[in-house]
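Engineer:
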Amino acid sequence: MYKKVTTDLNFAAREQDVLALWRDNKIFEKSIELREDAPVFTFYDGPPTANGQPHIGHVITRAVKDLFPRYRTMKGFRVLRKAGWDTHGLPVELEVEKQLGISGKPEIETYGVEPFIEKCKESVWKYESLWREMSERVGYWADMDAPYVTYQNNYIESVWWALSEIWKQGLIYKSYRVVPYCPRCGTPLSSHEVAQGYKDVTEDSAYVCFRVADRDEYLLAWTTTPWTLPSNVGLCVNAKEEYARISQNGRVYIMAAALAADVLGEGYEILETLKGKDLEGLKYEPLFDFASPEIAANNPNYCTVVCDNYVTLTDGTGIVHIAPAFGEDDARISKAYNLPLLQLVDAQGCFIKDAYLWTGKFVKDADPLIIKELANRGQLLKKSAYTHNYPFCWRCHTPLLYYARDAWFIKMSEMRDKLLSSNDAVNWLPGHMKEGRFGNWLENAADWSLSRERYWGTPLPIWICDNDDCGHRHCVGSIAELKSLNPDVPDDIELHKPYIDAVKLPCPKCAGAMTRTPEVIDCWFDSGSMPFAQWHYPFENEDMFKQQFPADFIAEGVDQTRGWFYTLMAISTLLFGQSPYKNVIVTGLGLDEKGQKMGKSLGNAVSPLDALTKHGADAVRWFMYVNSAPWNNFRYSDDTVNEGARRFMGTLWNTYAFYVLYAEIDQFNP
Ligand code: ZN
Ligand code: ZN
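Residue numbers (the working numbering): 1 to 670.
1) Between the Cα of Y44 and the Cα atoms of G588, G52, F545, which residue gives the shortest distance?
2) Give the residues whose C-beta lies closer than 6 Å to at least one heavy atom of ligand 1, in chain order.
3) Considering only residues of the segment 580-620, which uninterrupted alpha helix (DSSP H) runs meet the minimum length of 4 residues and lie entirely inside it, listed in chain order?
4) Is D315 helix, strand or coil when you go by DSSP?
5) Take W113 and list the residues in its own chain whose beta-carbon comes closer than 7 Å to its own, dropping the five residues that flank it on each side.
6) Okay, do the segment 57-72 and the segment 132-152 touch, 3+ Cβ pairs below 8 Å being the bar?
7) Round the Cβ separation of Y284 and A213 to the nearest angstrom and send it over; I've been treating them as touching at under 8 Å.
8) Drop a sphere of 10 angstroms on the beta-carbon of E266, count the other beta-carbons inside from all chains shown, and report buried for 16 or more, exposed for fewer.
9) Would you kindly work out how many angstroms separate the C-alpha atoms of E540 and M514, rounded to a whole number?
10) Given a cut-off of 8 Å, decide if A355 and P226 are closer than it, judged by their beta-carbon atoms.
11) Just to confirm before moving on: does the CB-CB distance between E280 and V306 stay below 8 Å?
12) Measure the beta-carbon distance from K199 to Y390 and round it to whole angstroms, keeping in mind my assumption that it falls under 8 Å.
13) Check for me: the beta strand (DSSP E) holding I493 runs from which residue to which?
14) Whose beta carbon lies closer than 6 Å to any heavy atom of ligand 2, going through the chain in order?
15) Pull up the distance between the alpha-carbon of N642 and that of Y659, whole angstroms please.
16) Please return the same chain residues whose Cβ sits closer than 6 Å to the Cβ of A331, not counting the five positions on each side in sequence.
17) So the alpha helix (DSSP H) G439 belongs to, where does it begin and stop?
18) If you reduce the DSSP assignment to three classes, tell me which class M1 lands in.
19) Since G52 is in the beta strand (DSSP E), which residue starts that stretch and which ends it?
20) Would you decide whether E556 is buried or exposed? Buried here means 16 or more other CB atoms lie within 10 Å of its CB.
21) Might you give, ordered along the chain, the residues of its own chain that have their beta carbon closer than 6 Å to the beta carbon of W631, omitting 5 neighbours on each side?
22) With three or more beta-carbon pairs closer than 8 Å as the criterion, would you say the segment 436-450 touches the segment 467-478?
23) Exposed or buried, what is L34 when buried is set at 16 or more other beta-carbons lying within 10 Å of its beta-carbon?
24) Just verifying my parser: in three-state terms, what is the DSSP assignment at Q16?
25) Is K199 helix, strand or coil when you go by DSSP?
26) Tell me which residues share the same chain as A533 and place their Cβ nearer than 6 Å to its Cβ, disregarding the 5 neighbours each side in the sequence.
27) Please specify which runs of the beta strand (DSSP E), each continuous and at least 3 residues long, are wholly inside the segment 170-245, giving them in chain order.
28) Just grab the DSSP bridge partners of H474 for me.
29) Nearest by alpha-carbon distance to Q547: which of I554, R562, P531, T561 is it?
30) Suppose the cutoff is 7 Å on Cβ atoms and the five residues either side in sequence are ignored; what does the same chain contact list for A663 look like?
31) Out of K174, I166, E109, N249, which has the shortest C-alpha to C-alpha gap to G378?
32) Determine the extent of the beta strand (DSSP E) in which G557 is found, giving its start and end residues.
33) CB-CB under 6 Å to E95, same chain, minus the five flanking residues each way: which ones, in chain order?
34) Ends of the beta strand (DSSP E) at I352?
35) In or out: Q169 buried (at least 16 other Cβ within 10 Å) or exposed?
36) What are the boundary residues of the alpha helix (DSSP H) that I32 is part of?
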């Protein structure tokens, strides 16, 4: 009646038998088939990228993601678990660039866009088998045989539908704006991408002397980005604050009175105080002559003092240098005062020919050279080391530049109230996320910088009339629509660059032809579209979409509050006016035993398969469930996992072995 079991504690080996039993008998598949008419519990799987290796943090999200669907299944619910793969975007392109030994857009163009995207398509699957192995070994039940894949035509078509719906609402626009821009990748990034890449850095800031035009006095400005100085067109003061003319070592400076002691130290004399307003309109000499004669001839406001309330006296000199090509406030103020635009930096982040002193230099490398040049000319009061939180590209770690570009946006700033009311219906674990980290993010939602000047992504389906006088724009929402506008489009057209770029459409407003705008979109829009795109909705599977929307449960790491959690929320609020999920568990980060972040480069990363082979999945999962709440960061160590396994699983197993032995002897019938 009872099957005697061994008392050894070799759990990892026994788990292999369980996995084989599940596999051979298709237990996961049966857990769904046998519940045909059961109530549905919906889970969305956030798509990982299979061109990167899984790490121990993925084991915790998979352990948590498995726990609730499994419990619901045991309670009689039908729980589909469609796996997904996030396959587009910079992570893939960078991997392929590395593989081909090329870097940057010009080299990709030389290599050829078509072979490049074909390489991207292959590279996407690089670690798929490793992910499958890890997922199976950890006991994660998911349908990995029919996953959604964001690069497939059906998926892209659903994303196109979503974009065309948002377009119809008038919420997509193109604008020449200062955007966070990665000079290596050659593309703007969105605020949720930027939020993922901040690092503390210490750099030299500069106190710079701008000579007043008609007298030997100097406006003293402070900047943390010396490379923007050659593109200076104005200086900005706060009209209401008090400024002073100050004499020190035979020179006269103009700066905020309250900051004089901080900046000048001791031994100066205040000659006169005046309001910022009194400085408005004061002309000064351009710092560099790179483009000045031409610009000055065309714009009388070039190199003038202007006023704006954004200037504060918390640090610096109370005078801010204005370079409208490289700052949002700079651009706004320049527009208000009709200052010219001076852009001396190219799309790779290097100085152009006009800036002859540093032509070809990457701007960050030019910083010390610019400071030195100013010092040689007597226009540097001093430099000082300054530590600030600076954004880096989340993929390639190049420092981002704020840079004026043409880019496409979704007006999320108009959606803030709707986002907040969608969020009202969500149960966050831990609860403070709702109004804290996530709610704050929604309250301040910036317009979504949607376009990427890259290759491997969902093409932005907006066609623009070639005739400049017409300029008509149309957003295409399906393959059928594309074919109805141009019957030559083949049935099996692939919705990727460069193929889709060849499709011309007739302009309905004039006799001209329309060409697709060259950009692809932010890959985070793809993953946020999975609630409907995984079903190729609205083209197919309307019943499945409706049955599976919104999700009862999702879980991912804390970094996703500005990633997937946000883009899911943003897109479903735009399209369906509601949150696509009801309950979220935000998991913490995996740290090493000393509490340090794990990383390949730090040499302390734990290989998930090693851990699972050594301890077994139950031991690792048990550790993760009981160590602390899943939203706390956890310190992973072999000893702790072992200890937990010995205490709980050892006790349980020994008790069971004892019970089986004596129940058999006694022929106990419960
Ligand atoms: Zn980059
Ligand atoms: Zn036209």
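Beta carbons: idealized from backbone N, C-alpha and C, even for Gly.
Structural biologist: Based on what the coordinates show:
1) The shortest Cα separation from Y44 among G588, G52, F545 belongs to F545.
2) Those residues having their beta-carbon less than 6 Å away from any non-hydrogen atom of ligand 1 are, in chain order, C182, R184, C185, C393, R395, C396, T398.
3) For the segment 580-620, whole alpha helix (DSSP H) runs of length 4 or above, ordered along the chain, are 608-615.
4) Secondary structure at D315: coil, using DSSP grouped into helix, strand and coil.
5) The residue you asked about is not Trp; residue 113 is Val in the sequence shown. Same-chain partners within the cutoff: Y455, K497, P498.
6) Judged by Cβ distances under 8 Å, the segment 57-72 makes contact with the segment 132-152, as three or more pairs qualify.
7) Contact annotation, Y284 with A213: C-beta distance approximately 6 Å; criterion of less than 8 Å satisfied.
8) By the Cβ neighbour-count rule, E266 is exposed, with fewer than 16 other Cβ atoms within 10 Å of its own.
9) Rounded to whole angstroms, E540 to M514 spans 29 Å at the Cα level.
10) Their beta carbons are not under 8 Å apart, which means P226 does not touch A355 by this criterion.
11) Cβ atoms of E280 and V306: closer than 8 Å.
12) 6 Å between Cβ atoms; contact.
13) I493 -> no beta strand (DSSP E), and no H or E assigned at all.
14) Any heavy atom of ligand 2 within less than 6 Å of a residue's beta carbon puts that residue on the list, which reads C465, N467, C470, H472, C507, K509, C510, G512.
15) Each residue's alpha carbon lies about 24 Å from the other.
16) Closer than 6 Å at Cβ, skipping near neighbours: V178, P324.
17) G439 -> alpha helix (DSSP H) spans 437-443.
18) Three-state DSSP puts M1 in coil, outside helix and strand.
19) Here G52 belongs to no beta strand (DSSP E), and DSSP marks it neither H nor E.
20) Its Cβ being crowded by 16 or more others within 10 Å, E556 is buried.
21) Closer than 6 Å at Cβ, skipping near neighbours: P430, V586, G588.
22) Contact between the segment 436-450 and the segment 467-478 is absent, because fewer than three Cβ pairs lie under 8 Å.
23) Looking at its Cβ environment, which holds fewer than 16 other Cβ atoms inside 10 Å, L34 is exposed.
24) In this structure, Q16 counts as helix in the three-state DSSP scheme.
25) Looking at K199 - three-state DSSP - the assignment turns out to be strand.
26) Here the set comprises Y155, S158, V159.
27) Positions of the beta strand (DSSP E) runs, each at least 3 residues long and wholly inside the segment 170-245, are given as 172-182, 198-211, 217-223, 234-237 in order along the chain.
28) H474 is bridged to W463.
29) Checked all of I554, R562, P531, T561; the closest Cα to Q547 is P531.
30) Result list for A663: Y2, in chain order.
31) Taking each of K174, I166, E109, N249 in turn and checking the Cα distance to G378, the smallest one comes out for N249.
32) It spans 551-557 - the beta strand (DSSP E) in which G557 sits, taken as one unbroken run.
33) Residues of the same chain with a CB within less than 6 Å of the CB of E95, apart from the 5 flanking positions on each side, are N51, S123 in chain order.
34) Going by DSSP, I352 is part of no beta strand (DSSP E) at all; its letter is neither H nor E.
35) Under a 10 Å Cβ-count criterion, Q169 is classified as exposed, with fewer than 16 other Cβ atoms of the shown protein chains found around its own Cβ.
36) Boundaries of the alpha helix (DSSP H) around I32: 27-33.
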